[in-house]
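Residue numbers (the working numbering): 723 to 862.
Note that CB positions come from ideal geometry on N, CA and C, so glycine has one too.
The block underneath contains the structure these notes are about, expressed in structure tokens.
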């Protein structure tokens with residue numbers, strides 16, 4: 723009888739708690755309109771590569787909507803021709819800001835993307851920093 727009463731109390735408590743969770747105010751939704759990912763990446767190239775600009779050719783993929791830990795985000799991949807093996811980077815964008823950038827993992831599926839040449843200067847709206855200017859770093 724005690725176990726039945728306990729089971730009933732847990733079940734009814736769970737129902738009340740789920741209503742409470744459903745009625746919590748929602749966080750503001752991120753802007754899900756498709757951003758100009760080429761401009762955003764070009765404007766933040768020094769954040770993505772703080773030590774030195776890529777020496778080889780740079781290519782960029784299209785953009786796709788994904789579920790990120792920080793909410794829905796757009797993913798674009800950047801391929802840098804370095805040495806004998808190209809290096810892939812995943813860039814996550816919400817609104818017009820990069821929320822994360824890192825070396826691409828298998829789960830990002832950057833290896834499946836189609837890439838196009840990426841002339842950074844053609845898309846950047848911010849002037850390049852002067853030599854010797856400290857570079858602001860963001861979340862990586």
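Close beta carbons around residue 770, own chain, < 6 Å, minus the five adjacent residues each side: Taking the chain shown and counting its residues from 1, one reaches residue 770 at position 48. Here the set comprises 823.
6 Å Cβ shell around residue 842 - same chain, five flanking residues per side excluded: Start at 1 with the first residue of the chain shown, and residue 842 comes out as number 120. Same-chain partners within the cutoff: 764 and 767.
Where residue 797 falls, given that 16 or more other Cβ within 10 Å makes a residue buried: Counted from its first residue, the chain shown places residue 797 at position 75. It counts as buried.
The beta strand (DSSP E) enclosing residue 814, as first and last residue numbers: Within the chain shown, the letter at position 92 stands for residue 814. Looking at the DSSP string, the run of the beta strand (DSSP E) that includes residue 814 is 807-816.
Classification of residue 847 by the beta-carbon crowding that lies within 10 angstroms, buried from 16 upward: Residue mapping note: residue 847 aligns to position 125 of the chain shown, counting from 1. Per the 10 Å Cβ criterion, exposed.
Bridge partners - residue 786, DSSP secondary structure assignment: On the chain shown, position 64 is the one that residue 786 refers to. BP columns for residue 786 point to 797.
Classification of residue 835 by the beta-carbon crowding that lies within 10 angstroms, buried from 16 upward: One-based indexing of the chain shown puts residue 835 at position 113. Buried is the call here.
Whether residue 845 touches residue 760 by CB criterion (7 Å): Counting from one through the chain shown, the residue named residue 845 turns up at place 123. Counting from one through the chain shown, the residue named residue 760 turns up at place 38. Result yes, Cβ atoms of residue 845 and residue 760 sit closer than 7 Å.
Under the three-state DSSP convention, the category residue 823 falls into: The residue you call residue 823 lines up with position 101 of the chain shown. Residue 823 falls in the strand class under three-state DSSP.
Alpha helix (DSSP H) segment containing residue 765, residue limits: Sequence index remark: in the chain shown, residue 765 carries index 43 (1-based). Start and end: 759-765.
Short Cβ contact (7 Å threshold) for residue 794 with residue 754: For the purposes of this step, residue 794 is taken as the residue at position 72 of the chain shown. For the purposes of this step, residue 754 is taken as the residue at position 32 of the chain shown. Contact flag set, yes.
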